[in-house]
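Here's the structure we're looking at; comments come further down.
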Amino acid sequence: MFPISSIFFFLSLILGTILSVSSTSWFGAWIGLELNLMSFIPLIASKMNSYYSEAALKYFLIQALASTLIILSSCLIMHASNFTFTIIMTALLLKLGAAPFHFWFPQIMEGLSWLQTIILMTIQKLAPMFLISYLTLSPMITQIILLSAILSAYMGALGGLNTMKLRKIMAFSSINHMSWMLVALTINDSLWITYFFFYTIISSSVVFFLHTFQLFSISDLLTFSHSNLFSSLSIPLSLLSLGGLPPFTGFIPKWMMIQAMLTNNMYILLLFLLSSALITLYFYLRILIPFILSIIPIPSYNLKSLPTFSTSFFLPFIVFFNSIGLFIPMAFMLF
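Every letter in the sequence shown is one number past the one before it in the numbering used here, and letter 200, counting from 1, is 200.
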């Protein structure tokens, strides 16, 4: 059970996000972002631990810097100059953890619990993404977004190659997926929201599995006891789906993006994103191949060895959701 204080701060965090998204002024959006920040800090520092305290302090300093830039630029918004919008974009990209302002994201992810990483990778990105979508009418802002998308694609892909820590791998994966969402944002709002929905479900399923079995490094995965069928299937399916490998569920938003980018003649940008996706798929396979090989010697599975009710309820759902993409071609053939 979660303590009452954590529930209160989580609801306050959601309220701050809603306030930012629905605000009609930059000052109102700034208030919502501050409420969101002040609610997430206690959630990070809920445990008396030096790692959590360090992560909370780093997160506060980075977000406070971004908030300062936003309130500064909101004072200059009446001039509507390119310099003002550039400051706002810099602040929002810093809050997102998108390249080239991604340096803080893997470090803070390493100091969080798995449940806190879900919030940082998903809910905390909503408000800045919506605020950026309000700025895409300017051609200069669109160019900045696309440049950040290219940098995020390769920083996220290359950063995950030389780490053994699963939280850092998830952090760099999040940066890479951010590049797809930033490009989708320049095309239309419904496209990036759809991509964000699929990313949230799939990444949360991966994190849920890692949290349930307390896995923090690749070596933990290799020594993981494959005690039942669903736990052995959920991590390969989830990671392949997160990597966007067809025909898993994670390929659906990428296929939508490919179609939209081809329609908008974004051929070179699509080439950048696809090449980075291949690199990210490599470090997912680097995890999966030893994991799958360690399953093979086990002759049978014990379906009654699920540790808790919550795990027994969610693991079949994880397997189903991440493999639902397998059934879509069959549906087209039938109908």
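Ideal Cβ positions, reconstructed from N, Cα and C, are used throughout, including at glycine. Bear in mind the structure is a predicted one, so any value in this text is a computation, not a measurement.
Open item on the list: Residues in the same chain with beta-carbon distance under 6 angstroms from THR17, minus the five sequence neighbours each way, listed in chain order, please.
Closed with: Within the sequence shown, numbered from 1, the residue matching residue 17 stands at position 17. So the list reads ASN36, LEU126 and ALA127, once near-sequence residues are dropped.
TODO: Would you give the residue range spanned by the alpha helix (DSSP H) that THR249 belongs to?
DONE: Sequence index remark: in the sequence shown, residue 249 carries index 249 (1-based). Following the DSSP letters along the chain, one finds THR249 in no alpha helix (DSSP H), marked with neither H nor E.
Task: Sequence-distant residues of the same chain with beta carbon closer than 7 angstroms to ALA45, five excluded per side - done: Counting from one through the sequence shown, the residue named residue 45 turns up at place 45. Excluding sequence neighbours, ALA45 sits near TYR52, SER53 and ALA56.
- [ ] Go through its chain and collect everything with a Cβ distance to LEU115's Cβ below 7 angstroms, but skip five positions before and after it.
- [x] Locating residue 115 in the sequence shown gives position 115, where the first residue counts as 1. Closer than 7 angstroms at Cβ, skipping near neighbours: HIS211.
TODO: Under the assumption that ASN188 contacts SER152 (Cβ atoms under 8 angstroms), give the Cβ distance between them as a whole number of angstroms.
DONE: Position 188 of the sequence shown, counted from the first residue, corresponds to residue 188. Position 152 of the sequence shown, counted from the first residue, corresponds to residue 152. Not quite, the Cβ-Cβ distance comes to about 20 angstroms (not below 8 angstroms), so this is no contact.
TODO: Within the same chain, show all residues whose beta-carbon is closer than 8 angstroms to that of SER276, passing over the 5 residues directly before and after it, in chain order.
DONE: Residue numbering aside, residue 276 sits at position 276 when the sequence shown is read from its first letter. Counting only Cβ-Cβ distances below 8 angstroms, and skipping sequence neighbours, we find ALA153, TYR154, GLY156, ALA157, ASN176 and SER179.
Open item on the list: Measuring only the C-alpha atoms, how far is GLY28 from PHE103?
Closed with: As a first step, residue 28 is located in the sequence shown; it is residue number 28 there, counting from the start. As a first step, residue 103 is located in the sequence shown; it is residue number 103 there, counting from the start. The straight-line gap from Cα to Cα measures roughly 28 angstroms.
Task: Per-residue burial, ILE289 [other beta carbons within 10 Å of its own, 16 or more giving buried] - done: The count along the sequence shown starts at 1 and reaches residue 289 at position 289. When all chains shown are included, ILE289 counts as exposed.
- [ ] Label PRO106 either buried or exposed according to how many other C-beta atoms from any shown protein chain fall within 10 Å of its C-beta, with 16 as the threshold for buried.
- [x] Along the sequence shown, read from residue 1 onward, the residue named residue 106 stands at position 106. Buried: at least 16 other Cβ atoms inside 10 Å.
Open item on the list: I'd like to know whether the C-beta atoms of PHE345 and ARG286 end up nearer to each other than 8 angstroms.
Closed with: Shown here, the chain extends from 1 to 335; a query on residue 345 therefore has no answer.
- [ ] Could you check what DSSP says for LYS47 in three-state terms: helix, strand or coil?
- [x] Your numbering for residue 47 matches position 47 in the sequence shown. Correct three-state label for LYS47: coil.
- [ ] Would you kindly work out how many angstroms separate the C-alpha atoms of LEU221 and GLN124, rounded to a whole number?
- [x] Indexing the sequence shown from 1 puts residue 221 at position 221. Indexing the sequence shown from 1 puts residue 124 at position 124. Take the alpha-carbon of LEU221 and the one of GLN124: they are about 28 angstroms apart.
- [ ] State the Cα-Cα distance for the pair LEU363 and PRO3, rounded to the nearest angstrom.
- [x] This structure cannot settle anything about residue 363, because the visible part of the chain is limited to 1 through 335.
Open item on the list: Cutting at 7 angstroms between CB atoms, please list the residues of its own chain near ALA66, excluding the five before and the five after it.
Closed with: Stepping through the sequence shown from its first residue, residue 66 is reached at position 66. Contacts found: ALA91, LEU94 and LYS95.
- [ ] Could you check if THR280 is buried or exposed, using at least 16 other CB atoms within 10 Å of its CB as the buried criterion?
- [x] For the purposes of this step, residue 280 is taken as the residue at position 280 of the sequence shown. Label assigned to THR280: buried.
- [ ] Run through the stretch 82-168 for me and flag every whole alpha helix (DSSP H) of 4 or more residues, listed as ranges in chain order.
- [x] Listed in chain order, the complete alpha helix (DSSP H) runs (minimum 4 residues) inside the stretch 82-168 are 82-96, 104-110, 114-121, 123-133 and 139-159.
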